[in-house]
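A quick write-up on the structure given underneath.
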Amino acid sequence: MAVVDTNPATPARTGVDPLNDIPASGNRFWRVLLRSPAGVIGLLIVLTLLIAALFADWIAPFDPLRMGAGKRLLPPNSTHWFGTDEFGRDLFSRVLFGAQLTLKIGVIAVTISLAAGLLLGLVAGYAGGWTERILMRLVDVLFSFTEILIALAFVAILGPNLTNAMIAVGVSAIPFYARITHSVVLVEKNKPYF
Numbered sequence: 000m001a002v003v004d005t006n007p008a009t010p011a012r013t014g015v016d017p018l019n020d021i022p023a024s025g026n027r028f029w030r031v032l033l034r035s036p037a038g039v040i041g042l043l044i045v046l047t048l049l050i051a052a053l054f055a056d057w058i059a060p061f062d063p064l065r066m067g068a069g070k071r072l073l074p075p076n077s078t079h080w081f082g083t084d085e086f087g088r089d090l091f092s093r094v095l096f097g098a099q100l101t102l103k104i105g106v107i108a109v110t111i112s113l114a115a116g117l118l119l120g121l122v123a124g125y126a127g128g129w130t131e132r133i134l135m136r137l138v139d140v141l142f143s144f145t146e147i148l149i150a151l152a153f154v155a156i157l158g159p160n161l162t163n164a165m166i167a168v169g170v171s172a173i174p175f176y177a178r179i180t181h182s183v184v185l186v187e188k189n190k191p192y193f
């Protein structure tokens with residue numbers, strides 16, 4: 000015998016609402032993260048570092064490049080929170096500006112790899128045929144080497160400087176984005192849209 004809910008407060012479902020039945024994965028991520036004490040602490044640390052890096056120009060008490068002959072290798076104190084290095088430079092200021100540079104390098108490298116990977120994956124998945132085979136074999140060749148080897152090869156070819164390092168790291172991550180984009184394009188391409 001079937002059990003029927005006769006409670007008037009419970010609305011009857013007559014059909015499936017496709018918009019409301021889609022799981023909100025982003026909301027679930029935040030719910031799980033914020034319920035965990037370790038997740039909240041980790042989020043606070045990341046946000047603190049991000050804010051400190053973004054506002055390093057205003058937060059840093061000293062110029063990170065200014066040397067002080069009489070301030071060599073000072074321990075942490077009220078003036079120099081992290082101490083000083085062998086040239087008398089304030090380590091706290093250097094950490095803030097170093098975090099800023101690290102974020103910049105990461106954002107540019109991911110932008111390069113994401114743009115190139117999306118383009119390769121979209122073209123290969125949409126065009127099909129010989130174009131797909133050639134582009135995906137190129138991606139497979141890049142997958143056969145480790146990322147660090149590709150990055151080192153690019154730096155050796157282009158020369159050792161910061162711009163070339165960003166390009167090298169970006170190029171080494173292209174295959175991951177290209178493969179994922181190619182798979183998604185193939186799935187969408189084969190769906191029966193009317």
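Quick note, the sequence shown lines up with residues 0 to 193 if you use numbering that gives the first Met the number 0. Glycine included, each C-beta is placed from N, C-alpha and C at the ideal position.
- Taking a C-beta distance under 8 Å as the contact criterion, T83 and G67 qualify as a contact pair.
- Short of 6 Å from the beta carbon of L113, and not among the five residues preceding or following it, lie these beta carbons of its own chain, in chain order: Y176.
- Excluding residues up to 5 positions away in sequence, M66 lie with their Cβ nearer than 6 Å to the Cβ of F86 in the same chain.
- For T101, the three-state secondary structure derived from DSSP is helix.
- Here V39 is exposed: its Cβ has fewer than 16 other Cβ atoms, across all protein chains shown, within 10 Å.
- An exposed status is given to A37, since fewer than 16 other beta-carbon atoms sit within 10 Å of its beta-carbon.
- F81 and L161 have their C-alpha atoms roughly 26 Å apart.
- Nearest C-alpha to P60 among L72, L53, L90: L90.
- Within the DSSP secondary-structure output, T83 pairs in a beta bridge with D89.
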